[in-house]
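> Please read through the structure below; I'll follow up with questions.
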Amino acid sequence: MDLALSKADLDFRQEVKDFLAEHLSPELIRAGKRTTSIFSDFDAAMEWQRILHEKGWAAPDWPQEFGGPGWSLTQRAIFKEECVFANAPSLQLSGLTLLGPILMKYGNAQQKALLQKILSGEDVWAQGYSEPNAGSDLASLQTRADRQDDCYIVNGSKIWTSYAHRSNKIFCLVRTSNEGKPQSGISFLLMDMDLPGISCEPILGLDGEVEQCQVFFDDVRVSLENLVGEENQGWEIAKYLLEFERGMINQYPTISKRISVVREIAAQKKVAGSDNLLSSPVFAAILAEVEIDNLALAQMENRIRASIGAGENPGALASLVKVVGTELSQKVDELALEADGSFIAAAQNHALSPAYEGAVVGDEAGLTVMNYYLNNRASTIYGGSAQVQRNIIAKQVLGL
Amino acid sequence: MNFNYSEEQHLFQDSIGKYLADTYSFEQRQQRLEKNASFSADVWRDASELGWLAMPFPEDCGGYGGTAIELMLLFEEMGKKLVVEPFLDTLVLGGGLLRRLSSGRHDECLAKLIEGQVHCAVAHEEGDQAYAVDHVTAAASRSADGFILNGQKSVVYNLGAADFIVVSAMLDEEFSLFLVPAHTAGLVTQTYMTVDDGNAGELTLENVHVAEDALLGVGETAVEALERTIDEAILASSAEQVGIMRSLLDLTVDYTSQRKQFGVPISTFQVLQHRMANMFMALELTVSLMYATAIKMRDDSDDAAAYVAALKVKTDNCARDVAHGAFQLFGAMATTRECSVGHYLKRVATLRQRFGGTRFQLQRYVTSSILGDEPHH
Chain Z
221 MDLALSKADL
231 DFRQEVKDFL
241 AEHLSPELIR
251 AGKRTTSIFS
261 DFDAAMEWQR
271 ILHEKGWAAP
281 DWPQEFGGPG
291 WSLTQRAIFK
301 EECVFANAPS
311 LQLSGLTLLG
321 PILMKYGNAQ
331 QKALLQKILS
341 GEDVWAQGYS
351 EPNAGSDLAS
361 LQTRADRQDD
371 CYIVNGSKIW
381 TSYAHRSNKI
391 FCLVRTSNEG
401 KPQSGISFLL
411 MDMDLPGISC
421 EPILGLDGEV
431 EQCQVFFDDV
441 RVSLENLVGE
451 ENQGWEIAKY
461 LLEFERGMIN
471 QYPTISKRIS
481 VVREIAAQKK
491 VAGSDNLLSS
501 PVFAAILAEV
511 EIDNLALAQM
521 ENRIRASIGA
531 GENPGALASL
541 VKVVGTELSQ
551 KVDELALEAD
561 GSFIAAAQNH
571 ALSPAYEGAV
581 VGDEAGLTVM
591 NYYLNNRAST
601 IYGGSAQVQR
611 NIIAKQVLGL
Chain Y
4 MNFNYSEEQH
14 LFQDSIGKYL
24 ADTYSFEQRQ
34 QRLEKNASFS
44 ADVWRDASEL
54 GWLAMPFPED
64 CGGYGGTAIE
74 LMLLFEEMGK
84 KLVVEPFLDT
94 LVLGGGLLRR
104 LSSGRHDECL
114 AKLIEGQVHC
124 AVAHEEGDQA
134 YAVDHVTAAA
144 SRSADGFILN
154 GQKSVVYNLG
164 AADFIVVSAM
174 LDEEFSLFLV
184 PAHTAGLVTQ
194 TYMTVDDGNA
204 GELTLENVHV
214 AEDALLGVGE
224 TAVEALERTI
234 DEAILASSAE
244 QVGIMRSLLD
254 LTVDYTSQRK
264 QFGVPISTFQ
274 VLQHRMANMF
284 MALELTVSLM
294 YATAIKMRDD
304 SDDAAAYVAA
314 LKVKTDNCAR
324 DVAHGAFQLF
334 GAMATTRECS
344 VGHYLKRVAT
354 LRQRFGGTRF
364 QLQRYVTSSI
374 LGDEPHH
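Going down the list, the protein sequences come from chains Z and Y.
Using my numbering, the first residue of the first sequence is number 221, and each one after it goes up by one.
Using my numbering, the first residue of the second sequence is number 4, and each one after it goes up by one.
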């Protein structure tokens with residue numbers, strides 16, 4: 221057993237730190253600091269991706285043969301930590317982390333060529349999985365792709381497609397057969413967003429901003445070459461992605477960052493009987509418990525990475541980390557609300573733009589607190605809800 | 004023991020419920036907010052005509068002599084519909100302070116308030132300063148014909164609509180309250196929308212000259228009036244959150260019974276049923292403590308203040324859990340602006356932070372007289 225990083229890893233951390241210090245402009249840092257969900261300001265995210273791509277760092281998880289840096293799991297974790305701590309904007313991840321690995325494994329030569337455009341940011345992909353009546357029960361999806369000569373004719377609707385309104389491409393799970401189990405009639409299809417018959421309707425979120433969309437397909441003609449893998453292989457492909465996602469278990473940095481925001485705000489807050497809220501015994505005790513939870517999460521993530529590094533399959537431990545991490549992050553949000561106090565009530569969306577340099581109501585550090593809280597309530601819903609993840613643990617680990 | 008409403012109280016509750024059923028569906032609420040970008044003057048006028056504004060005031064100043072029970076009842080109904088009009092600020096806080104401290108000098112203002120013609124804001128909290136009800140950093144000094152006020156107030160609810168502002172300040176090191184007309188020279192306001200669809204603002208007082216009769220109260224008188232007024236506001240906001248919890252539980256039971264996944268309504272899954280059972284238990288416990296607190300306030304019991312502190316803590320925690328439960332079970336739908344669940348959640352989040360926040364009231368309970376006592380009967 222050993223917790224220490226190697227000399228090479230420590231040198232790598234310094235290299236990343238230096239790069240970030242040199243390339244993160246004040247505006248990009250503002251975009252990072254003012255992020256109120258898993259998505260940063262879109263333009264800032266694309267600008268940052270362009271800068272990372274020049275260095276070859278846009279896709280930390282990709283192997284070198286597809287244009288990635290070929291980093292170890294430890295290096296990827298270090299890179300994410302440093303990016304989060306330096307307030308780098310979050311990248312648009314649908315192409316980089318969801319579609320990329322699928323094209324590497326299942327794509328034909330022509331489809332693999334799309335990888336370069338994902339890296340460069342030329343193509344921005346939306347993920348078309350969920351439907352109004354297919355959420356947790358994804359396999360019941362009904363968007364149809366009917367074969368007609370050299371085309372599929374696609375009809376139906378996808379919902380909760382993040383940033384579809386800013387994407388030029390979409391990858392979808394579609395129904396190509398009604399025979400057998402629902403899972404066995406699903407295919408994986410790529411489309412341009414500007415195809416005739418595709419329309420996109422932005423969904424106004426609770427914080428008044430648009431991140432999600434509903435996408436409608438009305439007799440959309442998609443040529444057969446856009447099928448990834450075999451017809452009716454879509455479910456297997458989507459499940460492969462879940463396997464891949466297990467290599468990206470890393471919630472600790474973001475939670476740490478949010479805890480540091482709580483500390484920053486609480487240190488400014490005067491309370492009776494203590495120097496400030498941060499040093500008041502009751503608040504300090506609750507914050508300490510949250511930090512301890514985060515330490516345990518960090519070491520859980522380290523163990524999983526180590527086991528993947530040793531060639532093992534962590535299985536449903538990915539579900540454990542998803543539930544624990546998202547629920548912990550929501551607890552941190554509540555502490556942030558408490559620290560910021562009355563100021564959370566002020567609606568200040570205008571001040572969340574990276575370009576905004578004017579005055580704000582309350583502490584600058586508190587600017588994100590309310591919207592982050594609202595948006596992060598979704599973290600226990602998307603990507604497999606907390607209930608579904610617990611079902612997976614009960615079934616796959618405990619054999620119930 | 005009796006936890007039932009009287010016949011008059013039932014009638015009052017029914018009339019509120021009926022009015023809101025006609026005018027305050029979630030769609031009507033959203034349409035009005037979109038059109039006006041603020042609360043509705045029509046609803047305020049109706050509230051005056053229906054007697055809601057007169058209810059909490061004694062009969063000798065034009066009120067109906069309602070007690071804490073009627074106040075609770077009114078706010079519970081309004082909470083169900085997520086009413087955005089500033090009843091808490093104009094009626095309970097502004098009206099409560101005027102009622103207690105007017106002593107004849109500001110009866111005209113109080114009469115106008117009951118008639119629905121003026122709005123109030125109470126400017127007491129000061130941002131990052133420690134919250135207290137007997138101390139602030141804003142300062143008042145005497146002038147030839149009155150007082151001069153200086154200071155900085157934060158997140159003053161209803162500041163954008165207020166005709167009168169009650170300002171707390173230290174006068175010769177004594178806590179004091181002043182009634183300041185909103186257009187007095189030297190008041191600098193920066194107003195904004197709040198996330199729960201109300202309005203608030205930052206208020207700077209720069210050598211604000213006010214007349215002699217602007218002084219509402221000083222020392223113990225002022226502190227006690229503010230404490231009691233805020234306690235009423237805590238009862239009112241707890242009742243509002245009880246209304247919110249009732250609506251959220253109804254909405255959630257309804258939604259999960261209709262929403263189908265895996266071929267069945269999702270309400271058939273035990274893990275969802277348990278979450279809704281927890282929401283129900285949280286609601287009923289809050290209701291129980293709220294009734295007892297309202298009775299203690301009505302009867303002016305010695306331990307009323309401790310009950311109020313307890314009520315705020317219990318309500319804040321239960322309402323948060325109920326709102327989070329509803330949000331989780333509605334799933335992605337709850338993240339949208341067109342779904343009411345998230346709007347209830349926002350209101351719960353902002354009410355939690357008011358009056359010093361949950362933790363201030365927890366601390367107040369710790370130092371209260373009833374901590375460690377045998378259970379009360």
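Glycine is no exception: its CB is placed at the ideal position from the N, C-alpha and C atoms.
Since we're looking at a predicted model, the values are computed, not measured.
Taking Cβ-Cβ distances shorter than 7 Å, what residues in chain Z pair up with residue 330 of chain Y?
597
> Does chain Z have any CB closer than 7 Å to the CB of residue 181 of chain Y?
no
> Counting only beta-carbon separations shorter than 7 Å, does residue 542 of chain Z have a partner in chain Y?
Taking 7 Å as the CB threshold, residue 542 of chain Z stays off the interface with chain Y.
> Is there contact between the region 293 to 313 of chain Y and the region 391 to 398 of chain Z, where contact requires at least three CB pairs shorter than 8 Å?
No contact exists between the region 293 to 313 of chain Y and the region 391 to 398 of chain Z.
> Check whether the region 586 to 594 of chain Z touches the region 512 to 523 of chain Z, taking contact to mean three or more Cβ pairs, one atom from each stretch, closer than 8 Å.
Two segments are said to touch when three or more pairs of C-beta atoms, one from each, lie closer than 8 Å; by this definition the region 586 to 594 of chain Z does not touch the region 512 to 523 of chain Z.
> Specify, as a first and last residue, the run of the alpha helix (DSSP H) that residue 514 of chain Z falls within.
For residue 514 of chain Z, the enclosing alpha helix (DSSP H) stretches over residues 501 to 529.
> Buried or exposed: where does residue 595 of chain Z fall if 16 or more other Cβ atoms within 10 Å of its Cβ makes it buried?
buried
> Here's the rule I'm using: 16 or more other beta-carbon atoms within 10 Å means buried, otherwise exposed. How should residue 6 of chain Y be labelled?
exposed
> Please confirm if the region 563 to 576 of chain Z is in contact with the region 251 to 263 of chain Z, defined as three or more CB-CB distances below 8 Å between the two stretches.
yes
> Cβ atoms of residue 443 of chain Z and residue 371 of chain Z: under 7 Å apart, would you say?
yes
> Three-state secondary structure (DSSP) at residue 27 of chain Y?
coil
> Pairing CB atoms from the region 68 to 81 of chain Y with CB atoms from the region 150 to 169 of chain Y, are three or more of them under 8 Å?
no
> Going along chain Z, which residues have a C-beta under 8 Å from residue 197 of chain Y?
565, 566 and 567
> Between the C-alpha atoms of residue 324 of chain Y and residue 253 of chain Y, what's the straight-line distance to the nearest angstrom?
Looking at the two C-alpha atoms, the distance is approximately 15 Å.
> Could you list which residues in chain Y have their beta carbon closer than 8 Å to that of residue 255 of chain Z, in chain order?
Going along chain Y, no residue has its Cβ under 8 Å from residue 255 of chain Z, so there is no contact; the nearest lies around 17 Å.
> Mind checking if residue 607 of chain Z is an interface residue toward chain Y, Cβ cutoff 7 Å exclusive?
yes
> Pull up the CB-CB distance for residue 338 of chain Y and residue 426 of chain Z, whole angstroms please, since I reckon it's below 8 Å.
6 Å
> Helix, strand or coil: which one does DSSP assign to residue 556 of chain Z?
helix
> Quick one, are the C-beta atoms of residue 157 of chain Y and residue 189 of chain Y less than 7 Å apart?
no
> Please check the pair residue 247 of chain Y and residue 322 of chain Y, which I expect to be a contact at CB under 8 Å, by giving their CB distance rounded to whole angstroms.
6 Å
> Whole-angstrom Cβ separation of residue 368 of chain Y and residue 316 of chain Y, contact assumed at under 8 Å?
Contact holds; Cβ gap of about 7 Å.
> Quick one: residues in its chain with C-beta nearer than 6 Å to the C-beta of residue 242 of chain Y, no 5 flanking neighbours on either side, listed in chain order?
75, 78 and 79
> Three or more C-beta pairs under 8 Å: does that hold for the region 284 to 298 of chain Z against the region 353 to 371 of chain Z?
no
> For the beta strand (DSSP E) containing residue 350 of chain Y, list its first residue and its last residue.
First-last for residue 350 of chain Y: 343 to 356, but that is the alpha helix (DSSP H), not the beta strand (DSSP E).
> Rounded C-beta distance between residue 101 of chain Y and residue 113 of chain Y? I'm assuming under 8 Å.
5 Å
> Using the beta-carbon of each residue, which ones in chain Y are nearer than 7 Å to residue 423 of chain Z?
Within chain Y, the residues placing a beta-carbon under 7 Å from that of residue 423 of chain Z are 339, ordered along the chain.
> At the level of alpha carbons, what is the spacing between residue 530 of chain Z and residue 225 of chain Z?
In a straight line, the C-alpha of residue 530 of chain Z is about 16 Å away from that of residue 225 of chain Z.
> Counting C-beta neighbours from all protein chains within 10 Å, is the total for residue 191 of chain Y 16 or more, i.e. buried, or is it exposed?
Burial call: exposed.
> Are the beta-carbon atoms of residue 376 of chain Y and residue 311 of chain Y separated by less than 7 Å?
The Cβ atoms of residue 376 of chain Y and residue 311 of chain Y lie no closer than 7 Å to each other.
> Identify whether residue 602 of chain Z lies in helix, strand or coil by the three-state DSSP scheme.
coil
> Once DSSP output is grouped into helix, strand and coil, what is the label at residue 467 of chain Z?
Its pLDDT being 47, under 50, residue 467 of chain Z is placed unreliably by the model, and the measurement read from it follows with that caveat. Three-state result, residue 467 of chain Z: helix.
> Based on Cα-Cα distance, which residue from Z:612, Z:259, Z:245 and Z:323 lies nearest to residue 461 of chain Z?
Z:323
> By the 8 Å beta-carbon criterion, what residues does the region 114 to 133 of chain Y contribute toward chain Z?
If the cut-off is 8 Å between Cβ atoms, the region 114 to 133 of chain Y has 128, 130, 131, 132 and 133 near chain Z.
> Kindly say whether residue 227 of chain Z, judged by its beta-carbon, lies nearer than 7 Å to any beta-carbon of chain Y.
no
> Taking the continuous beta strand (DSSP E) assigned at residue 413 of chain Z, which residues delimit it?
No beta strand (DSSP E) contains residue 413 of chain Z, which DSSP labels as neither H nor E.
> With 8 Å as the limit, tell me which residues of the region 571 to 593 of chain Z have their beta carbon closer than that to any beta carbon of chain Y; keep them in chain order.
Within the region 571 to 593 of chain Z, the residues whose Cβ lies closer than 8 Å to some Cβ of chain Y are 581, 582, 583, 590 and 593, listed in chain order.
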